[in-house]
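First up is the structure itself, then whatever we jot down about it.
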Amino acid sequence: MNGSSRFVIVGASLAGAKAAEALRKDGFDGEVTLIGEEGERPYERPPLSKQYLRGEEGPDKLFVHKEGYYEAAGIELRLGQTVVSIDVDGRAVGLASGERLPYTSLLLTTGASPVRLNLPGADLEGVHYLRTMASSASLRAAIEGADRVAVIGTGWIGCEVAASARMMGRPVVTVEMAQFPLQRVLGPEVGSFYRDVHTEHGVEMHFGVTTEALVGSGTVEGVRLADGRTLAADVVLVAIGVAPATELAEKAGLDVGNGVMTDEYLESSSPGIFAAGDLANAFHPLFGERVRVEHWANARNQGPAAARNMLGKRRPYARVPYFYSDQYDISMEYSGYAPAWDEVVFRGDVASREFIVFWLNDGRVAAGMNVNIPDVSGKISDLVASRRVVDKAKLADPDVSLAEV
Ligand SMILES: Cc1cc2nc3c(=O)[nH]c(=O)nc-3n(C[C@H](O)[C@H](O)[C@H](O)COP(=O)(O)OP(=O)(O)OC[C@H]3O[C@@H](n4cnc5c(N)ncnc54)[C@H](O)[C@@H]3O)c2cc1C
């Protein structure tokens with residue numbers, strides 16, 4: 003690649019920023035343009051439901067790179083600009099301003115955005131979504147003055163915000179249509195663990211029930227459930243999942259289905275256009291299927307992996323998915339990919355709040371989660387990657403090292 007090439011990255015968040023950094027680290031000396039519609043330079047989102055939301059950390063802790071980095075690295079960072087089209091044949095992107103920007107190779111890292119609640123009252127004041135720094139700051143101010151916070155949806159973000167709101171001293175009620183929090187990923191065995199943790203911290207949890215409407219006049223006053231009850235709340239967080247931001251790719255005719263479909267090199271159906279992070283539904287060589295991961299480590303690692311493949315390195319992205327979550331004094335890390343499983347094995351005592359849990363398929367570890375036990379996620383990841391049939395008695399025995407299992 004030489005100085006006359008221009009690589010354009012659409013989406014200036016974690017995946018995009020790490021991709022731009024990787025291009026420079028790998029010696030690319032052409033133009034790099036990173037375009038993002040938010041006003042802030044790229045930042046990390048995990049603290050938005052934790053330390054930043056609670057006001058324990060300022061924005062300076064969030065940024066992916068120090069101020070001045072992009073200029074020093076020769077990366078053209080265009081903030082507050084939206085890409086509205088891709089001219090695949092002409093190799094150019096179109097911006098909302100009307101500008102047309104040619105590219106040699108294109109990386110899409112447009113991420114995901116919260117699924118909106120499509121119910122009566124959803125537009126009332128006091129109803130929040132959480133994705134950006136600004137939305138976290140506004141939720142913080144609302145929680146600080148709240149009589150009671152309602153959280154609709156108890157996935158990761160819903161659970162973390164419920165925990166943060168309790169840590170901020172506010173009463174919290176949650177509404178979930180499944181029987182347990184985090185049920186889709188963790189199942190009932192571990193979902194019940196999180197239910198108990200939240201209940202012990204004073205969260206009033208409702209399961210197996212859907213929301214019918216948000217009620218109030220002008221400002222939200224409560225959440226009406228399908229069973230007829232109304233839960234009083236003057237602040238509501240809607241946390242019912244995110245949808246990949248595929249609009250651009252779809253309009254450009256790229257293969258899209260639960261994200262932008264890519265091969266193991268993170269290249270889309272259109273040669274020279276790559277995707278990474280929350281947006282990418284990437285073929286995973288280890289699992290033999292496409293996987294879309296909505297987590298920090300995936301964005302952090304896939305961005306650079308895509309960048310290197312844009313440079314022609316052709317290395318498949320085969321990392322074992324990983325994520326973490328902090329709620330109250332419970333820190334967990336999850337390594338693997340288990341959309342379904344046929345067995346759950348615990349290692350250690352759940353009541354002690356220091357344990358590991360494994361999800362197995364045909365005797366192989368599909369995923370494992372360590373709770374309040376540091377420095378084991380690498381070993382769990384190795385077990386997943388090995389695809390070995392494991393000795394379950396050893397797996398369950400904390401006195402046997404994971405390497406021996
Ligand atoms: C509150 C919160 C807490 C989280 N906590 C954790 C956690 O504890 N652990 C964990 O593993 N993960 C966590 N995550 C998930 C993690 O933050 C995401 O996986 C990660 O941000 C994905 O990065 P990304 O770069 O792929 O996309 P995003 O972060 O979604 O960024 C995409 C960017 O592209 C921009 N964009 C979109 N369309 C356009 C366009 N057309 N033109 C220009 N710009 C565009 C968007 O404005 C956005 O800035 C959390 C997420 C949130 C919201």
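Just add 2 to wherever you are in the sequence shown, counting from 1, and you've got my numbering. The beta-carbon is built from N, C-alpha and C at its ideal position, and this holds for glycine as well.
#### Entry: Residues of its chain near Asn372, where Cβ-Cβ distance is below 7 angstroms and the 5 sequence neighbours each way are ignored
For Asn372, the CB contacts under 7 angstroms within the same chain, skipping 5 residues up- and downstream, are Met334, Glu335, Ile358, Val378, Ser379 and Ile382 in chain order.
### Message
Helix, strand or coil, according to DSSP, for Glu78 in the structure here?
### Response
The three-state reading of DSSP puts Glu78 in strand, counting E and B together.
#### Entry: Cβ-based neighbour list, Glu178, same chain, cut-off 6 angstroms, excluding 5 preceding and 5 following
Contacts found: Thr156 and Phe209.
### Message
Just to confirm, is the Cβ distance from Val347 to Ala405 under 9 angstroms?
### Response
No Cβ-Cβ contact shorter than 9 angstroms links Val347 with Ala405.
### Message
With a threshold of 8 angstroms (Cβ to nearest heavy atom), would Pro48 be considered close to ligand 2?
### Response
This structure lacks ligand 2; the ligands present are ligand 1.
### Query
By DSSP, does Arg389 sit in helix, in strand, or in coil?
The answer is coil: DSSP assigns Arg389 none of H, G, I, E or B.
### Message
Would you say the beta carbon of Asp280 is closer than 8 angstroms to some non-hydrogen atom of ligand 1?
### Response
Flag set: Cβ of Asp280 near ligand 1.
#### Entry: Candidates Pro122, Ala98, Gly365 and Ser99, of which the one nearest Arg226 by Cα
The closest CA to that of Arg226, considering only Pro122, Ala98, Gly365 and Ser99, is found on Pro122.
### Message
I believe Ala408 touches Leu281 by the beta-carbon criterion, under 8 angstroms. Please report the beta-carbon distance rounded to the nearest angstrom.
### Response
With the chain running from 3 to 407 in the structure shown, residue 408 is simply not present.
#### Entry: Contacts around Ala98, its chain only, beta-carbon distance under 6 angstroms, and the 5 residues preceding and following it disregarded
Same-chain partners within the cutoff: Thr84 and Val86.
### Task
Indicate, with yes or no, if ligand 1 has a heavy atom lying under 8 angstroms from the CB of Gly413.
Look at the range of the chain in this structure, 3 to 407, and you will see that residue 413 is not part of it.
### Query
According to DSSP, is Trp343 helix, strand or coil?
Coil at Trp343, not helix or strand.
### Message
When you compare the CB positions of Ser138 and Val66, do they come within less than 9 angstroms of one another, or not?
### Response
Val66 is positioned such that its CB atom lies no closer than 9 angstroms to that of Ser138.
### Message
Between which two residues does the beta strand (DSSP E) holding Ser87 run?
### Response
Looking at the DSSP string, the run of the beta strand (DSSP E) that includes Ser87 is Val85 to Asp89.
### Query
Between the segment 33–43 and the segment 6–25, do at least 3 Cβ pairs fall closer than 8 angstroms?
Yes, since at least three Cβ pairs between the segment 33–43 and the segment 6–25 fall closer than 8 angstroms, the two stretches touch.
### Query
In three-state terms, what does DSSP make of His208?
Note: His208 maps to strand in three-state DSSP.
### Query
Across which residues does DSSP place Phe360 in a beta bridge pair?
Its beta-bridge partners are Val347 and Gly370.
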